[in-house]
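To convert, count from 1 in the sequence shown and add 84; that's my numbering. The block underneath contains the structure these notes are about, expressed in structure tokens.
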Amino acid sequence: MITPLAHSVKPEYEQDVDVLTDVEQPWSLVVWNDEVNTFDWVIETLIEVCDHSQEQAEQCALMIHFKGKYAVKNGDYDTLKPMCDAITERGIGATIETVAKK
């Protein structure tokens, strides 16, 4: 009988490794809808603070309006925190949230 190769080769050592799966940028900058700020102000803010293009900022503003909130940017916490602070200083609601695992 022939022994399958997988059973005849043993590793020299075994090591447990934590692997980050699915999420390389585990934080989202979420902007919240309100009845105070105009589309133009939100769009201008996203362009200036998040470095969005005009088109990207407009699309985000529509998503914020219709869904109530929208993750306008993903990244590491230290990058998103100053952006979140700048957005809230302009009177727009924003939070940083962890990306939900799928």
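Glycine included, every Cβ here is placed at the ideal spot set by N, Cα and C.
The straight-line gap separating the alpha-carbon atoms of Glu128 and Ala141 is approximately 8 Å. Apart from sequence neighbours up to five positions away, the residues of its chain that approach Lys157 with a beta-carbon distance below 6 Å are Leu113, Cys134, ordered along the chain.
According to DSSP, Lys153 shares a beta bridge with Trp116.
Within 10 angstroms of the beta-carbon of His136 lie 16 or more other beta-carbons, which makes it buried. By the neighbour-count definition (other C-beta atoms within 10 Å, threshold 16), Tyr161 is an exposed residue. Collapsing the DSSP output to three states places Ala170 in a helix.
By the Cβ neighbour-count rule, Val120 is exposed, with fewer than 16 other Cβ atoms within 10 Å of its own.
Sequence-distant Cβ neighbours of Ile131 in its own chain, meaning closer than 7 Å and more than five residues away, are Gln138, Ala141.
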